[in-house]
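Engineer: My questions will all concern the structure given below.
There are 2 protein chains.
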Amino acid sequence: MPDLSALLQPRTIAVIGASTQPDKVGGMPVRLLSELGYAGHIIPVHATAREVQGLPAVPSLDALDAPVDLAIVALPVSASLDAMRQLACNGTRAAVVFTSGFAETGGDGIAMQAELAALAQAHGITLLGPNCLGAMNPRERVFATFSPIPLTGLPPVGDVGLVSQSGAFGAYAFALAREASLGLSHWVTTGNEAGLHVADVIEWLARDDATRVILAYLEGCRDGDRLRRALAAARAAGKPVVVTKVGTTEAGARSAQSHTASLAGEDAVYQAVFDEYGVFRANTLDDFFRLGYVLSRGRRPTRWQPSAKEPANAVTPVALVTVSGGVGIMMADQAESLDLPMPPMPEDAAAALCSAIPFASTANPIDVTGQVVAQPAVLLDAIAATAQCPDYGSVVAFLAGGVGAPRIWPGLQETVDTLHRSGTAAPLLFSGLVDDDKRRWLEARGALVFREPAQAVQAVAVLARAAAQAASAQPEPAPATAALPVPDVPPEATSLSEFEAMQWLAACGIPSAPHGLARDADEAVRIAESIGYPVAIKLCSPDILHKSDVGGVVLNVISAQAARAAFAQVQAAAADHGTPARFDGALVARMVRGWGELMVGVRRDPVFGLVALAGIGGTAVEIFRQTAFGLAPLTHARARTMLRASRAQALLSGHRGHPAIDADAVAEVLVRVSQAAATLGPRLDTLEINPLIVTAQGVIAADAVVTLHATDKPSH
Amino acid sequence: MPDLSALLQPRTIAVIGASTQPDKVGGMPVRLLSELGYAGHIIPVHATAREVQGLPAVPSLDALDAPVDLAIVALPVSASLDAMRQLACNGTRAAVVFTSGFAETGGDGIAMQAELAALAQAHGITLLGPNCLGAMNPRERVFATFSPIPLTGLPPVGDVGLVSQSGAFGAYAFALAREASLGLSHWVTTGNEAGLHVADVIEWLARDDATRVILAYLEGCRDGDRLRRALAAARAAGKPVVVTKVGTTEAGARSAQSHTASLAGEDAVYQAVFDEYGVFRANTLDDFFRLGYVLSRGRRPTRWQPSAKEPANAVTPVALVTVSGGVGIMMADQAESLDLPMPPMPEDAAAALCSAIPFASTANPIDVTGQVVAQPAVLLDAIAATAQCPDYGSVVAFLAGGVGAPRIWPGLQETVDTLHRSGTAAPLLFSGLVDDDKRRWLEARGALVFREPAQAVQAVAVLARAAAQAASAQPEPAPATAALPVPDVPPEATSLSEFEAMQWLAACGIPSAPHGLARDADEAVRIAESIGYPVAIKLCSPDILHKSDVGGVVLNVISAQAARAAFAQVQAAAADHGTPARFDGALVARMVRGWGELMVGVRRDPVFGLVALAGIGGTAVEIFRQTAFGLAPLTHARARTMLRASRAQALLSGHRGHPAIDADAVAEVLVRVSQAAATLGPRLDTLEINPLIVTAQGVIAADAVVTLHATDKPSH
């Protein structure tokens, strides 16, 4: 568990390479710390100057009596490495290295960065950087950064911890947080991540009392386990994590690689990781900050329950109050698309509204109409009635330009104050044109304010999800790997034959088509007759991977005569193969009839290890690309989610008049497949069952491909 | 073609029901017109007062010498109808009726509204409303509204025409336009649309010289032809139309119906209409205004071409310049997802950048890094070099907080000014934190400014699409309906038999499975032997719609013996049917083998008439719901788009090793199907071919269902 206390709460800070010019990289931290009121001890280190920006300087670290908590290194590449060697010997607890020109430039930079990392690790120094913009703790006025941005103003001290791999993104985020009055607890940029990763900062923030919400910007991740541990810690602490992970497209991934030498990895796998730990993902800066605002400031709905359709979400009944029927419809569209129920207004409140405004709509959205200008009490009563009604978990009110209207604002203040003080009313979310003062007044009483009505409705869904996650902060434990048989594979093998794969999967308890291995035509007929026609007859040769391309597969074999012919054909296919190919016989497998095909697989991701995927098989998987991913081994809940997310569920629920089959049992097959893959440990490269046929008796594996790493070391 | 000149450019305005109290519904128009500088003649009509708000009043319209251009009616329901009767007789050219309580309340209101509409129509009065918030022409200071919102400030006069069915939405939109300094030409709210529809206003704005961009808010549309004519006029005039159509979900549609009695209709059909005319669709208020801002203010890219993948779009090469590598990646992700090419920087500019900042990235995104603070010239040179480089059509620059920095701003002004004056440079789009004054300065020189970098990239795609649409302002003409045979159907028939349908479609030139109608088993065998086994044998009975449910379908019949058995089975199915069922024989059709199934259909939409749909057939169509819609009869280009949008194209382009087949020929089949449906005129209810089997010889219809309206009147 990384310790960032010396970095973010240091009592002494040395600035190595301190500059007498406050705007230089080495001058800015001295300027910020002294101008903005850091209360600890600042020690500029300067080869010649006796004084730096009015502070006494030392010529080198050797001149100090005691080790410092934090050293800021603002030196050129090779000098920064020298400085690190010195820090290693004198007990420094943490170091921030601004210097660029390390791994991101390739060549020597990579080796120098490795040495930097090794020194820090060997001597227990918490290392931030190199090639980073540093860190800040606004509460304790720690500004270990060369960004001038704090000079133009600070955001309020608050509970949002912000960590960014990119410095410039971090600086812009700081400016936006300031503009939006989003309160920050800590601000950290990790750059090349020779020491601290974004993951380490998340993990520390998860345990930091000052932080309730974590915003993280990632370009890539080199250590999947570290990220998973960090996200698990945040989840266990009930702290929502918002992540922007860029490089989602090929072009983006290319730029990410050249930017901070990040391995972008496959976006769907990142998404599976984020899903696993309930991360809120943002693809734009607007979303990043809005999620931060909503999660940090927003009260959780008073009523919610986990969503039956999408376990990552939660549903909560919402009252939509509007002065515009049109915007009411927009909000209803949004609520419906987010599965938020909109129960109608309770009868007494509805009657009161109707008697005041006959044309008002008391269905939900509750349209108090433009009449509200003349009768503001009707709007306020509708807000109060719905916020106090136990049928609703949140109230979203669209007030157009009316929030600040002199005829409405005083009454609105009274209503909001009363509801706030009651302690039991449902949270309020307003949208409309609201000036900053009034917005702050409303926010201080637990209300959220948006200009865009759709965003107010989205916020309700986000808060319900956060509530559900906090209530189940302990995620389902990873399933204990069942004691499954492990196939006996020679060290040099790079695959299992289909027969070996089918045998092994069947032994693992995965329902499979009845099958056998035939060495000659007679045996093929014997097997076919024992399992029943029709059968498929497929070539088994370790030298031929794509057996159907060479005529090595015959389907729908329905008689002994046809079986002999098919056996002869696949044997000939091996013999006629261009390069010499061994012939191990032919797999004879019962043709399974069903009404749909699923596929399930497991593969090794270079960052996150084994990842399971599932979806509809056959043509659809290629055309519609709705495969769902999950970290392997799968939990049962995750397998169920994958069936839903990939639409595979549709084939199980009475599709086209076929009987519904037990989705839990199908999910269990997915879990078992992911566990079987895990038993192969680092040897597993890929496992794929396609098709997994949907029949009235459940799903049945009809084909299996397993590829392996040749030694017991995976390729990365 | 509606004439809105008396409504929006009146020389005389009478306010019927004028109030001496300026904040009442009947007082506000008088107040607005006199306070805000209307130059024409204002005539308050008041039963008793001699003067209203300082203006001489008349007791009734009869007291006037000459007819007025515009009458504003601010009276209760029945009085407003009386007033309309009077207006009808005295030559009034236009009327705005604010009054609510007409059709939206049901009952008598419907009849009264019908009378209002009939009076206006009979006497050539342009009628706006009832139940509307009126209209404004800010340029001529016409404020025919009771909304007090203009009192608190007006948006600049500009070229955006705004029309909203909802009054409150319109008022909020007015306030947002004012806040965003979006210049308005006209502002119209249509309410219950007894006279003018949103469509009429669009059509008029399309011909209005003051308007270049049209923003429209719709809850529903009762007259599809009118909307199509309006959108076609705007398209022909090269004026982009942005539409927010609410009621996209079931809950939203329900609220829409109760709000302005709109028929929401099926959202996919609206989308097909919008696609047909190149409408820019916005689902949130933010998008609505941002599209207005981009289309009204943004310069079109200097280089673009129609997109090969998605004809509704256009592609344009973009230079992404950034001071943050991280944000550069976000922008690259966005550009890639919008198919915007990102060519690398030209060599000489790249070399100059690298010599100034060795760690800069000259690939695209062009990352000038945080060094720009020390070396602002590098940023400015990168912007100038890319804007002048003929490889790029637009330049998007992310400047974080730096736009206004004292070290950057003067140089940036010089660069932007020089590029602007050159007249040939690519348009500039900035993102970052920019204060209002600087934003306006940049906008005055043709640049756009965004806070969210992703939105700056999206704007480039929007502007390229607008450029492509303006260049082909004449949309492809609707195809001349081919002279196709029309089936001879008795007036009472509500369907064709499958045999009739197949015969007819084959006669229309749609490739169909060879087939015949067998009256007895011998004839079934004769037909099967003449067309070749395997065949399908299907019951023909006008009394049984779902023939497979009663055992009326036998597939894969491979011999004469099997054909006889199958015939007997389907005949028995008719005989065993619970209710007496006629037996017309059995359809014998060749089983067509292919590698995929498409579906194509035509159905009647109550608002827009015949609509064609197409997509992948079989299981996929139900599970993935990727059916594409288009207005029928289809153009060839639209049919091609539908194949792409529904992913059906994937089955035609060498799927899984099958040969690629001619997509143009498949599109031609879709066109022919839509034309065939049109020959049935109003009798057609639905036509569906499913499956349309994909074979190496092209697509072949294997099944057809045609349902009809019993008389020659469609049901609506």
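Same order as they appear, the protein sequences are chains W and P. With UniProt numbering, the residue at position 327 of the first sequence is 327, and numbering never jumps. With UniProt numbering, the residue at position 652 of the second sequence is 652, and numbering never jumps. Heads up, the beta-carbon is just placed ideally off N, CA and C, and yes, glycines get one too.
Quick check on the DSSP output: what are the complete alpha helix (DSSP H) runs of length 4 or more inside the segment 443-515 of chain P, in order along the chain?
Structural biologist: Counting whole runs of 4 or more residues, the segment 443-515 of chain P contains the alpha helix (DSSP H) stretches 453-471 and 498-507.
Engineer: On the premise that P/Pro-691 lies in contact with P/Ala-677, defined as a C-beta separation below 8 Å, what is that separation, rounded to the nearest angstrom?
Structural biologist: Your numbering for residue 677 of chain P matches position 677 in the second sequence. Your numbering for residue 691 of chain P matches position 691 in the second sequence. Rounded, the Cβ-Cβ distance is 18 Å, inconsistent with contact.
Engineer: Consider the Cβ of P/Pro-633: report whether some Cβ of chain W lies at a distance smaller than 8 Å.
Structural biologist: Along the second sequence, read from residue 1 onward, the residue named residue 633 of chain P stands at position 633. It does not: the Cβ of P/Pro-633 has no partner Cβ on chain W nearer than 8 Å.
Engineer: Leaving out five residues before and five after P/Arg-141 in sequence, what residues of the same chain have Cβ atoms less than 6 Å from its Cβ?
Structural biologist: Position 141 of the second sequence, counted from the first residue, corresponds to residue 141 of chain P. The residues are Leu-36, Gly-37 and Tyr-38.
Engineer: Taking DSSP's pairing of strands, which residues face P/Trp-187 in a bridge?
Structural biologist: For the purposes of this step, residue 187 of chain P is taken as residue 187 along the second sequence, with counting starting at 1. According to DSSP, which records beta bridges pairwise, P/Trp-187 is partnered with P/Met-136 and P/Leu-162.
Engineer: Which runs of the beta strand (DSSP E), 3 residues or longer, sit entirely within the segment 528-567 of chain W?
Structural biologist: Listed in chain order, they are 535-540 and 553-557.
Engineer: Assuming the contact rule is C-beta atoms closer than 8 Å, W/Ala-175 and W/Leu-70 should be a hit. Round their C-beta distance to whole Å, please.
Structural biologist: Numbered from 1 along the first sequence, position 175 holds the residue referred to as residue 175 of chain W. Numbered from 1 along the first sequence, position 70 holds the residue referred to as residue 70 of chain W. Contact doesn't hold; Cβ gap of about 24 Å is too wide.
Engineer: Whose Cβ in chain W lies nearer than 7 Å to the Cβ of P/Ser-78?
Structural biologist: Numbered from 1 along the second sequence, position 78 holds the residue referred to as residue 78 of chain P. Those within 7 Å of P/Ser-78 in chain W number zero; the least Cβ separation is about 15 Å.
Engineer: When you compare the CB positions of W/Met-136 and W/Pro-150, do they come within less than 8 Å of one another, or not?
Structural biologist: Locating residue 136 of chain W in the first sequence gives position 136, counting from the first residue. Locating residue 150 of chain W in the first sequence gives position 150, counting from the first residue. Contact: yes.
Engineer: Residue ranges of each alpha helix (DSSP H) run of no fewer than 4 residues wholly in the segment 652-688 of chain P, ordered along the chain?
Structural biologist: Taking only runs of at least 4 residues, the alpha helix (DSSP H) segments lying wholly in the segment 652-688 of chain P are 663-679.
Engineer: Provide the residue span of the beta strand (DSSP E) that contains W/Phe-288, from first to last.
Structural biologist: Along the first sequence, read from residue 1 onward, the residue named residue 288 of chain W stands at position 288. Note, W/Phe-288: premise wrong, no beta strand (DSSP E); alpha helix (DSSP H) at 285-297.
Engineer: Take P/Thr-97 and list the residues in its own chain whose beta-carbon comes closer than 6 Å to its own, dropping the five residues that flank it on each side.
Structural biologist: Here residue 97 of chain P refers to the residue found at position 97 when the second sequence is read from its first residue. According to the sequence shown, residue 97 of chain P is Val rather than Thr. For P/Val-97, where only same-chain residues beyond five positions count, the Cβ hits under 6 Å are Val-73, Ser-80, Gly-129 and Pro-130.
Engineer: Since W/Thr-211 and W/Gly-161 should fall inside the 8 Å C-beta cutoff, what is the C-beta to C-beta distance between them, to a whole number of angstroms?
Structural biologist: Numbered from its first residue, the first sequence carries residue 211 of chain W at position 211. Numbered from its first residue, the first sequence carries residue 161 of chain W at position 161. About 4 Å; that satisfies the 8 Å criterion.
Engineer: Would you say P/Pro-343 faces chain C, with C-beta separation under 8 Å as the test?
Structural biologist: The question asks about chain C, but that chain is absent: this structure's protein chains are W and P.
Engineer: So P/Val-241 packs on P/Ile-214, CB below 8 Å; how close in whole Å?
Structural biologist: Indexing the second sequence from 1 puts residue 241 of chain P at position 241. Indexing the second sequence from 1 puts residue 214 of chain P at position 214. That belief holds up - the Cβ atoms of P/Val-241 and P/Ile-214 are roughly 5 Å apart, short of 8 Å.
Engineer: Taking C-alpha atoms, which residue in P/Ala-586, P/Arg-519, P/Asp-520 and P/Gly-578 lies nearest to P/Cys-540?
Structural biologist: For this step, residue 540 of chain P is matched to residue 540 along the second sequence. It is P/Ala-586.
Engineer: In chain order, what residues of the same chain have a beta carbon less than 8 Å from the beta carbon of W/Gln-21, not counting five sequence neighbours either side?
Structural biologist: As a working mapping, residue 21 of chain W is identified with position 21 in the first sequence. Result list for W/Gln-21: Gly-27, in chain order.
Engineer: Going by alpha carbons, who is nearest to P/Ala-704 out of P/Met-599, P/Gly-630 and P/Ala-660?
Structural biologist: Along the second sequence, one-based indexing puts residue 704 of chain P at 704. Comparing Cα-Cα distances from P/Ala-704 to each of P/Met-599, P/Gly-630 and P/Ala-660, the minimum goes to P/Met-599.
Engineer: Helix, strand or coil: how does DSSP classify P/Arg-603 here?
Structural biologist: Translated into positions along the second sequence, residue 603 of chain P becomes position 603. Strand at P/Arg-603.
Engineer: What is the rounded straight-line gap between the Cα of P/Ala-332 and the Cα of P/Leu-429?
Structural biologist: Numbered from 1 along the second sequence, position 332 holds the residue referred to as residue 332 of chain P. Numbered from 1 along the second sequence, position 429 holds the residue referred to as residue 429 of chain P. Roughly 15 Å between the two C-alpha positions.
Engineer: I'd like to know whether the C-beta atoms of P/Ala-563 and P/Ala-574 end up nearer to each other than 8 Å.
Structural biologist: Position 563 of the second sequence, counted from the first residue, corresponds to residue 563 of chain P. Position 574 of the second sequence, counted from the first residue, corresponds to residue 574 of chain P. Going by C-beta atoms, P/Ala-563 is not nearer than 8 Å to P/Ala-574.
Engineer: Alpha helix (DSSP H) containing P/Ser-100: first to last residue?
Structural biologist: Position 100 of the second sequence, counted from the start, is the residue given in the question as residue 100 of chain P. Unbroken run through P/Ser-100: none, as it is neither H nor E.
Engineer: Among the candidates P/Arg-439, P/Ala-308 and P/Thr-418, whose CA atom is the shortest distance from the CA of P/Leu-399?
Structural biologist: Your numbering for residue 399 of chain P matches position 399 in the second sequence. Minimum Cα distance to P/Leu-399 is reached at P/Arg-439.
Engineer: Just to confirm, are W/Ser-431 and W/Pro-453 a CB contact at a threshold of 8 Å?
Structural biologist: Against the first sequence, residue 431 of chain W aligns to sequence position 431. Against the first sequence, residue 453 of chain W aligns to sequence position 453. Yes, they are a contact pair.
Engineer: Any beta carbon from chain W within less than 8 Å of P/Phe-430's own beta carbon?
Structural biologist: Here the question's residue 430 of chain P lines up with position 430 in the second sequence. Judged by the 8 Å Cβ criterion, P/Phe-430 is not in contact with chain W.
Engineer: Quick check on the burial criterion: 16 or more other C-beta atoms within 10 angstroms. Buried or exposed for P/Cys-132?
Structural biologist: In the second sequence, residue 132 of chain P corresponds to position 132, counting from 1. Per the 10 Å Cβ criterion, buried.
Engineer: Which residues in chain P have a C-beta closer than 9 Å to the C-beta of W/Arg-647? List them in chain order.
Structural biologist: Taking the first sequence and counting its residues from 1, one reaches residue 647 of chain W at position 647. Ile-623 and Phe-624, listed in chain order.
Engineer: Hey, which unbroken runs of the alpha helix (DSSP H) at 4 residues or more fall wholly within the segment 167-224 of chain W?
Structural biologist: Within the segment 167-224 of chain W, the complete alpha helix (DSSP H) runs of at least 4 residues are 167-179 and 198-207.
Engineer: P/Gly-328 and P/Leu-320 look like a contact to me (Cβ under 8 Å); what is the Cβ gap, rounded to whole Å?
Structural biologist: Position 328 of the second sequence holds residue 328 of chain P. Position 320 of the second sequence holds residue 320 of chain P. Confirmed, Cβ separation roughly 6 Å.
Engineer: Measure the Cβ-Cβ separation of W/Pro-358 and W/Ala-467 and say whether it is below 8 Å.
Structural biologist: Locating residue 358 of chain W in the first sequence gives position 358, counting from the first residue. Locating residue 467 of chain W in the first sequence gives position 467, counting from the first residue. Not closer than 8 Å, so no.
Engineer: P/Arg-12 and P/Gly-54: beta carbons closer than 8 Å?
Structural biologist: The count along the second sequence starts at 1 and reaches residue 12 of chain P at position 12. The count along the second sequence starts at 1 and reaches residue 54 of chain P at position 54. The residue asked about is misnamed: residue 12 of chain P is Thr in this sequence, not Arg. Result no, Cβ atoms of P/Thr-12 and P/Gly-54 do not sit closer than 8 Å.
Engineer: Would you mind telling me which residues of chain P sit closer than 8 Å to W/Phe-359, beta carbon to beta carbon, in chain order?
Structural biologist: On the first sequence, residue 359 of chain W is found 359 positions in, with the first residue counted as 1. Under the 8 Å cutoff, chain P gives Ser-100, Gly-101, Glu-104 and Thr-105.
Engineer: Count the other C-beta atoms from every protein chain shown that fall within 10 angstroms of the C-beta of P/Gly-423, then say buried if there are 16 or more, exposed otherwise.
Structural biologist: Sequence index remark: in the second sequence, residue 423 of chain P carries index 423 (1-based). Exposed.
Engineer: Note down, one range per segment and in chain order, each beta strand (DSSP E) of at least 3 residues found wholly within the segment 364-445 of chain P.
Structural biologist: DSSP runs (the beta strand (DSSP E)) wholly in the segment 364-445 of chain P: 394-398 and 428-431.
Engineer: Is DSSP giving P/Ala-648 helix, strand or coil here?
Structural biologist: By one-based count along the second sequence, residue 648 of chain P stands at place 648. Note: P/Ala-648 maps to coil in three-state DSSP.
Engineer: Please compile the residues from chain P whose C-beta is within a distance smaller than 9 Å of the C-beta of W/Glu-35.
Structural biologist: Position 35 of the first sequence, counted from the first residue, corresponds to residue 35 of chain W. Chain P residues near W/Glu-35: none, gap ~18 Å exceeds 9 Å.
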